[in-house]
Amino acid sequence: MKRYDKQIEEQIGETMRILDSLPSLKASPLFRVRVMERIDALQRKEFESGGIRGGFNVRLALGAMLVAVNIGSAALFFTSSGHIGGISDASGTIEQLRDDYAGPELAYYVETVDQSGALSGSKDNPKESGQPRR
Amino acid sequence: MEESAQAAALAAAKIGSLENNPATSGDRLFKALVSEHQDMVLNTCYRFVMNREDAEDLAQEVFVEVYRSLDKFREESKLSTWIYRIAVTKSLDHLRRMKRKKRFSSLKRIIGIDDPAEDLPSSSSDNPEQTLAEKENLAVLQHALNALPENQKTAFLLSKQDGYSNSEIAEILQTSVSAVESLVHRAKKNLHDRLHDYYQNR
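Just so you know, the protein sequences line up as chains A and B, in that order.
Counting in my numbering, the first sequence runs from 388 upward without gaps.
Counting in my numbering, the second sequence runs from 27 upward without gaps.
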């Protein structure tokens, strides 16, 4: 609903007068005490957080972590070298197996000795005898 | 006591008190400083927040900040001006926080979570009708003030408070006296226009 300008101006004046009529406050007698309490609490808090910071040095912790990582890497490297040794052991085992199973008793073809004393395969295995396949 | 000398003595004594005995002359000087400026700081905060409890809480915060930052005080302005500047900054921060809170509470209302404390009536007067009208006018004024740019609002509210000259307001706002006059004039005009719009469309 539209209102008359005069009425509106009166209302504006009334509203603006609120600011002029705001009372002048007096601080409570305990105001200073409360301020000092807050300051004391703040100082205590700062002191405590300082104590925690002193006890747990972030830089020191990071340094220790770095050293631990380095030691871990080194340990890992040496363990890997051990693996290489393991690999050489494995090749020895394979060699031994080859010797064991490469004997004539386990061969799937028959080795014969000709008159000249040279070894040659049977007719069943032309590749071993060195003859071309027909 | 000369204000800058008082500030220097306070800063030195404060450092001493932190290192040695808390009950030193620094504390006594600080208490004297609080006693001297507490009413002015309290009323400055009250103009901004228009609520006694909040104003008292803010005024306490102001003095805690003064205590903490005393060694950072450069004697470019008077100690009292520096304290009142802190009071203005704290009050504006409080208003910003309240604005954010209000936005959040309207969001809560939209999604259906109401804060029952917001609906509690205040019983400051015996006449409920008058109380309601006063409350409404105050809310309208606060809304119009909060819509003003911060420098206009600050200049206008400080000009309304006894004890601040235009030159002191200029020092607090770190501007010139003519700029303060212009800010106050524009603030009045803006407020009038906003209130006019409100009452016309109501």
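Think of the CB as a built atom: it goes at the ideal place given N, C-alpha and C, for glycine as much as any other residue.
Please read all numbers here as calculations on a predicted model, not as lab measurements.
Please report how far the alpha carbon of A/VAL422 lies from the alpha carbon of A/LEU449, in whole angstroms.
40 Å
CA-CA distance, B/LEU184 and A/MET452?
57 Å
Drop a sphere of 10 angstroms on the beta-carbon of A/ALA428, count the other beta-carbons inside from all chains shown, and report buried for 16 or more, exposed for fewer.
exposed
Determine whether the beta carbon atoms of B/ASN69 and B/GLN187 lie at a separation below 8 Å.
yes
Which parts of the segment 46-107 of chain B are runs of the alpha helix (DSSP H), unbroken and 4 residues or longer, counting only runs that do not cross its ends?
51-75, 78-95
Below 8 Å on the Cβ atoms is my contact criterion, and I expect B/ILE195 with B/ALA181 to pass it. Report the Cβ-Cβ distance as a whole number of Å.
6 Å
With respect to the alpha helix (DSSP H) encompassing B/ALA213, which residues constitute its N-terminal and C-terminal limits?
203-227
With 16 other CB atoms within 10 Å as the buried threshold, where does A/GLN483 fall?
exposed
Contact defined as beta carbons within less than 8 Å: I believe B/LEU167 pairs with B/LYS179. What is the distance between those atoms, to the nearest angstrom?
Actually they do not touch by this definition, with Cβ atoms about 12 Å apart.
Name, please, each residue of chain A whose Cβ falls closer than 7 Å to the Cβ of B/TYR225.
ARG390, ILE395, GLN398, ILE399
Give the residues of chain A in contact with B/ASN163, contact being defined as C-beta atoms less than 7 Å apart.
GLU401, THR402, ILE405
Chain B beta carbons: is any one of them nearer than 8 Å to that of A/SER408?
no
If contact is defined by three or more beta carbon pairs under 8 Å, each pair taking one atom from either stretch, is the segment 109-117 of chain B in contact with the segment 202-220 of chain B?
no
Examine the Cβ distances between the segment 92-109 of chain B and the segment 55-67 of chain B and report whether three or more of them are shorter than 8 Å.
yes
Counted within 10 angstroms of its Cβ, other Cβ atoms place B/TYR72 as buried (16 or more) or exposed:
buried
Would you say B/LEU68 reaches chain A, if we count a Cβ-Cβ gap shorter than 8 Å as a contact?
yes
Could you list the residues in the segment 418-431 of chain A with a C-beta less than 7 Å from some C-beta on chain B, going in chain order?
PHE418, ARG419, ARG421, VAL422, ARG425, ILE426, LEU429
Against chain B, with Cβ distances strictly below 8 Å, would A/SER436 count as a contact?
no
For B/LEU199 and B/ASN216, believed in contact at Cβ under 8 Å, the rounded distance:
B/ASN216 to B/LEU199, Cβ: 17 Å. No contact.
Should A/LEU412 be counted as a contact of the ligand NAD given a C-beta to heavy atom distance under 7 Å?
What this structure holds is no ligand at all, so the ligand NAD is not there to describe.
Mind reading off the beta-carbon distance from B/HIS120 to B/VAL90? Whole number of angstroms is fine, and I expect it under 8 Å.
Actually they do not touch by this definition, with Cβ atoms about 14 Å apart.
Does the CB of B/LYS57 have a neighbour CB from chain A at under 8 Å?
yes
Classify A/ARG431: buried if its beta carbon has 16 or more other beta carbons within 10 angstroms, exposed otherwise.
exposed
Residue nearest to B/GLU162 in terms of C-alpha spacing, selected from A/PRO416, A/SER460, A/GLU401, A/ASP392
A/GLU401
Environment of B/LEU105 [buried if 16+ CB atoms lie within 10 Å]:
buried
Give a yes or no on whether the minimum CB-CB distance between B/TYR93 and chain A is below 8 Å.
yes
According to DSSP, simplified to helix, strand and coil, what is B/LEU164?
helix
Cβ of B/SER61 within 8 Å of any chain A Cβ
yes
Taking buried to mean at least 16 other C-beta atoms within 10 Å of its own C-beta, is A/ALA462 buried or exposed?
exposed
Using the beta-carbon count (16 or more within 10 Å), is A/TYR488 buried or exposed?
exposed
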